[in-house]
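Before any comments, here is the structure.
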Amino acid sequence: MKAHFPKVGAFAILVCSVVFLTILLLNNTTQAHTGSSLITMTPTQMPTLTPKVNPTAFVTATPAVIYVSQSSAYSDPSVVIAIISIIISGLSLAFVVKYVIDTSAMAKATQDSAQATRKSAEAAEKTLLEMRNAREEENAPFVIVYTKFDHENMMLNVVVENIGKTVAKDIKLGFDPPLQIRIFRKDDLEDNILLTNGIHSLVPNNKILIPFAIAINYFNDNPPMVYAVKVGYSGNDTLPRQEIRYDLDLNHYRYQLEEREPVAKIAAAMESLSSNFFQYTEYFKGLLYDANDISNMLSRNLARTSYAIQRQGKVDVTVGLKDFVLTWTLGYGKDKKLLLKPFLFDLRSKCLLLSEETLRSTIENPDSSLNKAMQDIGVKLCKLGNMMLTRDGYVAAHSIQGSSIEEFNDLGDEIITDIRNLLQQIEKAEENLPSNDEESSAVAVQQSEISEKS
1 MKAHFPKVGA
11 FAILVCSVVF
21 LTILLLNNTT
31 QAHTGSSLIT
41 MTPTQMPTLT
51 PKVNPTAFVT
61 ATPAVIYVSQ
71 SSAYSDPSVV
81 IAIISIIISG
91 LSLAFVVKYV
101 IDTSAMAKAT
111 QDSAQATRKS
121 AEAAEKTLLE
131 MRNAREEENA
141 PFVIVYTKFD
151 HENMMLNVVV
161 ENIGKTVAKD
171 IKLGFDPPLQ
181 IRIFRKDDLE
191 DNILLTNGIH
201 SLVPNNKILI
211 PFAIAINYFN
221 DNPPMVYAVK
231 VGYSGNDTLP
241 RQEIRYDLDL
251 NHYRYQLEER
261 EPVAKIAAAM
271 ESLSSNFFQY
281 TEYFKGLLYD
291 ANDISNMLSR
301 NLARTSYAIQ
311 RQGKVDVTVG
321 LKDFVLTWTL
331 GYGKDKKLLL
341 KPFLFDLRSK
351 CLLLSEETLR
361 STIENPDSSL
371 NKAMQDIGVK
381 LCKLGNMMLT
391 RDGYVAAHSI
401 QGSSIEEFND
411 LGDEIITDIR
421 NLLQQIEKAE
431 ENLPSNDEES
441 SAVAVQQSEI
451 SEKS
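Following this line, the structure appears as structure tokens:
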């Protein structure tokens, strides 16, 4: 706007000059036209003959003023004024038009400059936004899905990999058609949480392999050869959730496996073994149970033979019970490792033989007051010797409910408690009996009395 001031000032000076000249010219013109002489004429009284009248009465003549105009060298002032006004108006109009044109041009230039400034600001903002988006896209995660053939294991794997620079979160996989699982543990892989619930997070430059089929058997069943997988994942909070579609084509693997017939037979045999694995397991567990039963029987017979040889003399049951207490507390000591060795067979045989000796002693001495306690101990020892543990083999195949190790140990501890109570009762009973010295002295007194009487 400061550039307008010189033009406006020049225009004002010009207008003032023209007005001043006009006023000056008008003054000169007026004086020229108003310079006519003023002539006063007084008429003279002519002598006349009049009747005689009153000497005081006479008539006075009125003077007359006559203006005599003189010719001027100037034109008509109204014409001059009109011409000057037209000239001034034309000049003023020219200046006004020029001023309006210049003002309009300056306003348009200002508007163009404002538009250019706005466009420049918009371009700068757009550039900044593009730079920010480019930086976020450069640092954003990028998840890809593809298939990979493992030549060592002959497995087809689905690979989920993050090739971006930040962590990918909440990765969801959707297959169309559904992925055909064709490997040994089919049920486990169908319930794979990576396929059902997705992947919680995947760090950059990391991959996860999901095996889904044995390569050779897969192509023998005419399964789908092309899968459309839709991958959805999230990155930074400022970025929207990404969804990408990949097409997984398995046809090229078919040509890689055409000359692998022996491997195909091996894979088929392994798959057959896998399908019948549970049946084979049941069979071998039944054989293991039978072998354990035979081993137990042989151990018992051998122990019975050994004890039968020892029974040629008199057997003390209390000694056998004390020996069992030491064997259970010190020899076994509830060590689970001993239950997998021949020690368990010897322990069971000892329980059965000691049970037989205890019950036989109650039969030989029916009048003893300790028979009830000894019978209970004999029955429990027999139960402990015949108890079948679940660690002996797969007893469910023979409809036998095996007992746990805890039940085996609890029954043994109960027997030990009963044996100790029985031994305490036997010791108390022996304390109440007379000693051997007292019996011999009493016999000597009786013999002396008999000899004196004789």
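Per the UniProt record's numbering, residue 1 is the first one in the sequence shown, and the count goes up by one each step. Even for Gly, the Cβ is constructed at its ideal location relative to N, Cα and C. Quantities reported herein were computed from a predicted structural model and do not represent experimental measurements.
Assuming residue i and residue j form a contact by the criterion Cβ under 8 Å, report the distance between their Cβ atoms to the nearest whole angstrom.
{"i": "Tyr255", "j": "Ala215", "result": "Actually they do not touch by this definition, with Cβ atoms about 12 Å apart."}
{"i": "Tyr218", "j": "Pro177", "result": "That pair is no contact at about 14 Å."}
{"i": "Trp328", "j": "Ile426", "result": "Not a contact, Cβ separation roughly 19 Å."}
{"i": "Lys334", "j": "Asn409", "result": "5 Å"}
Within the continuous alpha helix (DSSP H) that includes residue i, where are the two ends?
{"i": "His252", "result": "Asn251 to Gln256"}
{"i": "Gly385", "result": "Asn371 to Asn386"}
{"i": "Asn197", "result": "That residue, Asn197, is in no alpha helix (DSSP H); it is neither H nor E in DSSP."}
{"i": "Thr358", "result": "Phe343 to Glu364"}
{"i": "Leu173", "result": "No alpha helix (DSSP H) holds Leu173; the beta strand (DSSP E) holding it covers Ala168 to Asp176."}
{"i": "Gly320", "result": "Val317 to Leu326"}
Can you tell me the Cα-Cα spacing of residue i and residue j, whole angstroms?
{"i": "Ile210", "j": "Leu288", "result": "37 Å"}
{"i": "Asn371", "j": "Leu273", "result": "59 Å"}
{"i": "Phe345", "j": "Asn365", "result": "31 Å"}
{"i": "Lys148", "j": "Asn222", "result": "19 Å"}
{"i": "Val96", "j": "Ile84", "result": "18 Å"}
{"i": "Thr196", "j": "Met387", "result": "46 Å"}
{"i": "Thr390", "j": "Val203", "result": "46 Å"}
{"i": "Thr362", "j": "Leu347", "result": "23 Å"}
{"i": "Pro224", "j": "Tyr146", "result": "16 Å"}
{"i": "Ala134", "j": "Thr127", "result": "10 Å"}
{"i": "Lys98", "j": "Lys119", "result": "31 Å"}
{"i": "Ile377", "j": "Thr281", "result": "39 Å"}
{"i": "Asp150", "j": "Asn251", "result": "16 Å"}
{"i": "Tyr283", "j": "Ser403", "result": "21 Å"}
{"i": "Ile405", "j": "Gln375", "result": "25 Å"}
{"i": "Thr103", "j": "Ser89", "result": "20 Å"}
{"i": "Ala396", "j": "Lys285", "result": "For Ala396, the pLDDT reaches just 42, beneath the cut-off of 50, and the residue's location in the model is therefore unreliable, leaving the point undetermined."}
{"i": "Gly174", "j": "Gly164", "result": "21 Å"}
{"i": "Phe142", "j": "Asn162", "result": "6 Å"}
{"i": "Ser113", "j": "Arg241", "result": "42 Å"}
{"i": "Thr318", "j": "Ile294", "result": "30 Å"}
{"i": "Glu243", "j": "Gln180", "result": "23 Å"}
{"i": "Leu339", "j": "Lys428", "result": "36 Å"}
{"i": "Leu248", "j": "Asn220", "result": "19 Å"}
{"i": "Glu356", "j": "Asp413", "result": "20 Å"}
{"i": "Glu407", "j": "Tyr332", "result": "15 Å"}
{"i": "Ile193", "j": "Ser201", "result": "13 Å"}
{"i": "Ile81", "j": "Ala94", "result": "20 Å"}
{"i": "Asp101", "j": "Met131", "result": "First, the amino acid is wrong: residue 101 is Ile here, not Asp. Each residue's Cα considered, the two are about 44 Å apart."}
{"i": "Lys336", "j": "Gln279", "result": "29 Å"}
{"i": "Ser369", "j": "Ala291", "result": "43 Å"}
{"i": "Glu271", "j": "Val379", "result": "51 Å"}
{"i": "Ile199", "j": "Leu129", "result": "32 Å"}
{"i": "Ala269", "j": "Thr166", "result": "45 Å"}
{"i": "Ile87", "j": "Thr117", "result": "44 Å"}
{"i": "Ala373", "j": "Glu430", "result": "17 Å"}
With respect to the beta strand (DSSP E) encompassing residue i, which residues constitute its N-terminal and C-terminal limits?
{"i": "Leu209", "result": "Asn206 to Ile214"}
{"i": "Leu155", "result": "Checking the sequence shown, residue 155 turns out to be Met, not Leu. Unbroken beta strand (DSSP E) run through Met155: Met155 to Asn162."}
{"i": "Val233", "result": "Reading off the sequence shown, one finds Tyr at residue 233, where the question assumed Val. Val226 to Ser234 is the span of the beta strand (DSSP E), which, as asked, contains Tyr233."}
{"i": "Tyr146", "result": "Val143 to Asp150"}
Anyone know if the C-beta pair for residue i and residue j falls short of 9 Å?
{"i": "Leu384", "j": "Leu422", "result": "no"}
{"i": "Lys358", "j": "Leu381", "result": "The sequence as given places Thr at residue 358; Lys does not occur at that position. Closer than 9 Å, so yes."}
{"i": "Leu352", "j": "Phe324", "result": "no"}
{"i": "Asn205", "j": "Ala140", "result": "no"}
{"i": "Leu239", "j": "Glu138", "result": "no"}
{"i": "Ile419", "j": "Leu321", "result": "yes"}
Is the beta carbon of residue i within less than 8 Å of some heavy atom of the ligand NAD?
{"i": "Ser349", "result": "What this structure holds is no ligand at all, so the ligand NAD is not there to describe."}
- Message: So, does the stretch 222–232 touch the stretch 162–179, judging by three or more C-beta pairs under 8 Å?
- Response: Proximity of the stretch 222–232 to the stretch 162–179 meets the contact definition, three or more beta-carbon pairs being nearer than 8 Å.
- Query: Taking three-plus beta-carbon pairs below 8 Å as touching, is the stretch 123–135 in contact with the stretch 150–158?
  - Reply: no
- Answer yes if the stretch 197–211 comes into contact with the stretch 97–113, meaning at least three C-beta pairs across the two stretches below 8 Å, and no otherwise. no
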